[in-house]
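S.K.:
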């Protein structure tokens, strides 16, 4: 029997499965074949095995969800004590040979619309064919990434551009403090592609488009620039600072990253050691003065969504130096700041520039646009 015939036979058998343990057996065999195919560098076999595993997990999720809906599956808590008239015979996950993690993931895959699932299968096969190294079969994570990209695209559609900065210049606006978080274009150096890159989460840029921003024309004669930098390429940060007419002075803030839960230290990425702290440099133009000597450098705060910086940095800057205050590449409005970036709507930018107060949700504290 040819490899194609074997694959089609396995798919047909999967479609006929009515028991979770039967599907689990096909899923496990497919994963074993996929691992072998990777070692043997048999691309076609790896693609077929990966697809079969995905389809098995989807089928498993559909069956588990059906068992829960019909009351066949015990869904947690203390099992009820049966009687002779009404015996309790609910199946538990252990009886099916699957754990909670696999059950949850398979049910999520089973809940994906058919068209979206088929598109994910096709993308997975293509990544394997393209030689992208060890390809993840976590289609739920793929779906989250796609949703995040769609949400980002919707935000930037109405976002600011350089013309809005030109409007500030035409109005003669000058700022005593400028905070910038450049969208450094970082590409992962592994064969797995851009999964770890910032470009997976927001718009990144090469150095020249960043240098083209007219920040020298927006800075007051006595101005402090605060720049988040990346330690894998400090020369770019130095180049930007010099280009805009500033002198590097020191590290203004160091963010020590906690896990999102607030417990333990975040395990970052890194080419050699796993990084954690992130620095915000301080550069000056002219002779700006420090207002208060009690502003601390160290910020200990949990990580949030990709590249989002601790909110408290704005308050520290406002205590350290005089404004007016401008944030470049901002991702959300701030009280007391003019915020500019492609995720800031032009309407919000206009309100900031006019000094209009920001409205916050009373329960969540989030900005209401």
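In the numbering used here, the protein residues as written are 19 to 387.
Where a beta carbon is used, it is the ideal one built from N, C-alpha and C, also for glycine.
Predicted model only: the values in this text are computed from it and were never measured.
#1: For residue 289 and residue 270, what's the separation of their Cα atoms in angstroms?
#2: Considering only C-alpha positions, which residue in the set 40, 231, 193 is nearest to residue 340?
#3: Give a yes or no on whether the C-beta atoms belonging to residue 78 and residue 51 are separated by under 8 Å.
#4: Let's test the definition: count the other Cβ atoms within 10 Å of the Cβ of residue 327 and tell me whether it reaches 16, buried, or not, exposed.
#5: For the structure I just gave you, are there three or more beta carbon pairs, one from the stretch 342-358 and one from the stretch 252-263, closer than 8 Å?
#6: Name the DSSP bridge partner or partners of residue 266?
#7: Select from 60, 242, 354, 131 the residue whose C-alpha is nearest the C-alpha of residue 148.
#8: Assess, as a yes-or-no matter, whether the stretch 259-268 is touched by the stretch 233-241 under the definition of 3 or more beta carbon pairs within less than 8 Å.
#9: Over the uninterrupted beta strand (DSSP E) stretch that includes residue 283, give me the two end residues.
#10: Hey, would you say residue 182 sits closer than 8 Å to residue 355, going by beta carbons?
#11: How is residue 233 classed by DSSP in three states: helix, strand or coil?
#12: Does the Cβ-Cβ distance between residue 48 and residue 81 come in under 8 Å?
#13: Residue 32 to residue 74, Cα distance in whole Å?
#14: Reducing DSSP to helix, strand and coil, say where residue 148 ends up.
#15: With a CB to CB cut of under 6 Å and the five nearest residues on each side skipped, what residues in its chain are close to residue 298?
#16: What are the boundary residues of the beta strand (DSSP E) that residue 355 is part of?
#17: Can the beta-carbon of residue 306 be found less than 8 Å from the beta-carbon of residue 274?
#18: Could you check the C-alpha separation between residue 336 and residue 291 for me, to the nearest Å?
#19: Can you give me the C-alpha to C-alpha distance between residue 117 and residue 284, rounded to a whole angstrom?
#20: Pick helix, strand or coil for residue 346, following the three-state DSSP scheme.
#21: Would you decide whether residue 250 is buried or exposed? Buried here means 16 or more other CB atoms lie within 10 Å of its CB.
#22: Identify the residues that DSSP records as bridge partners of residue 241: which are they?
#23: Buried or exposed: which applies to residue 184, given that a residue is buried once 16 or more other Cβ atoms fall within 10 Å of its Cβ?
#24: In terms of DSSP beta bridges, what is residue 177 paired with?
#25: Spell out the partners DSSP gives residue 200 in its beta bridges.
M.R.: Considering the structure as presented:
#1: 25 Å
#2: Nearest C-alpha to residue 340: 193.
#3: no
#4: buried
#5: Cβ pair count under 8 Å is below three, so no.
#6: 301
#7: 60
#8: yes
#9: Residue 283 -> no beta strand (DSSP E), and no H or E assigned at all.
#10: no
#11: helix
#12: no
#13: 7 Å
#14: coil
#15: 244, 246, 270, 271
#16: 355-358
#17: no
#18: 34 Å
#19: 27 Å
#20: strand
#21: Exposed, by the Cβ-count rule.
#22: 303
#23: exposed
#24: 363
#25: Answer is none; residue 200 lacks a bridge partner.
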